[in-house]
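Below: one structure, written as C-alpha coordinates.
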Amino acid sequence: RIYNRWGALVFESTDPDAIGWDGNYKNEPAPSEVYFYTLQYIAETDLGDMPMEKSGDLTILR
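In my numbering, the protein residues as written are -9 to 52.
This is the structure:
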(Lines of atoms letter the chains of each structure in order from A and count residues from 1; the text may use other names and numbers.)
(Lines give C-alpha, C1' and ligand atoms only; values in the text may rest on other atoms or scores of the structure.)
Protein backbone atom coordinates (compact mmCIF):
# COMPACT_ATOMS: atom_id res chain seq x y z
CA ARG A 1 0.00 0.00 0.00
CA ILE A 2 1.16 3.51 -0.79
CA TYR A 3 -0.32 6.59 0.87
CA ASN A 4 0.09 10.29 0.20
CA ARG A 5 1.05 12.71 2.95
CA TRP A 6 -2.61 13.17 3.87
CA GLY A 7 -3.07 9.44 4.42
CA ALA A 8 -5.11 8.79 1.28
CA LEU A 9 -4.43 5.41 -0.32
CA VAL A 10 -2.94 5.98 -3.80
CA PHE A 11 -1.91 2.40 -4.67
CA GLU A 12 -2.62 -1.11 -3.42
CA SER A 13 -1.83 -4.56 -4.79
CA THR A 14 -1.96 -8.12 -3.51
CA ASP A 15 -0.43 -9.57 -6.70
CA PRO A 16 3.20 -10.60 -6.04
CA ASP A 17 3.83 -10.69 -9.81
CA ALA A 18 2.53 -7.17 -10.44
CA ILE A 19 4.92 -4.55 -11.79
CA GLY A 20 4.09 -2.15 -8.96
CA TRP A 21 3.14 1.49 -8.69
CA ASP A 22 3.79 3.54 -11.82
CA GLY A 23 3.60 6.92 -10.07
CA ASN A 24 0.07 7.67 -11.26
CA TYR A 25 -3.03 8.33 -9.21
CA LYS A 26 -6.48 8.24 -10.84
CA ASN A 27 -4.79 8.04 -14.28
CA GLU A 28 -2.82 11.26 -13.68
CA PRO A 29 0.83 11.68 -12.65
CA ALA A 30 0.99 11.85 -8.86
CA PRO A 31 2.27 15.22 -7.63
CA SER A 32 5.78 15.78 -6.32
CA GLU A 33 5.71 14.96 -2.63
CA VAL A 34 6.62 12.36 -0.04
CA TYR A 35 4.65 9.10 -0.05
CA PHE A 36 4.59 6.40 2.61
CA TYR A 37 4.40 2.68 1.99
CA THR A 38 3.64 -0.48 3.94
CA LEU A 39 4.51 -3.92 2.66
CA GLN A 40 3.09 -7.05 4.26
CA TYR A 41 4.44 -10.46 3.31
CA ILE A 42 5.08 -13.98 4.59
CA ALA A 43 8.74 -14.88 5.13
CA GLU A 44 9.87 -18.49 5.16
CA THR A 45 12.12 -19.05 8.19
CA ASP A 46 13.57 -22.00 10.05
CA LEU A 47 10.68 -21.59 12.50
CA GLY A 48 8.06 -21.66 9.75
CA ASP A 49 6.21 -18.97 7.87
CA MET A 50 6.32 -15.63 9.66
CA PRO A 51 4.15 -12.61 8.80
CA MET A 52 6.37 -9.57 8.23
CA GLU A 53 5.81 -5.89 7.57
CA LYS A 54 8.12 -3.24 6.15
CA SER A 55 7.38 0.45 5.85
CA GLY A 56 9.12 3.58 4.71
CA ASP A 57 8.82 6.59 2.49
CA LEU A 58 9.62 7.60 -1.05
CA THR A 59 9.75 10.97 -2.75
CA ILE A 60 8.54 11.84 -6.22
CA LEU A 61 10.24 14.82 -7.86
CA ARG A 62 8.81 15.99 -11.16
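We put the CB at the ideal spot given by N, CA and C, even for glycine. Note that the structure is predicted; figures quoted are calculated from it, not measured.
The residue from I9, T28 and F1 with its alpha-carbon nearest to that of K16 is F1.
Rounded to the nearest whole angstrom, the CA to CA distance from E23 to T35 is 36 Å. Close CB contacts of L29 within its chain, under the 6 Å cut and outside five residues either way in sequence, are with K44 (chain order). For D47, the three-state secondary structure derived from DSSP is strand. Scanning its chain for C-beta atoms nearer than 7 Å, with the 5 sequence neighbours on each side dropped, one finds around R(-5) the residues E23 and V24, in chain order.
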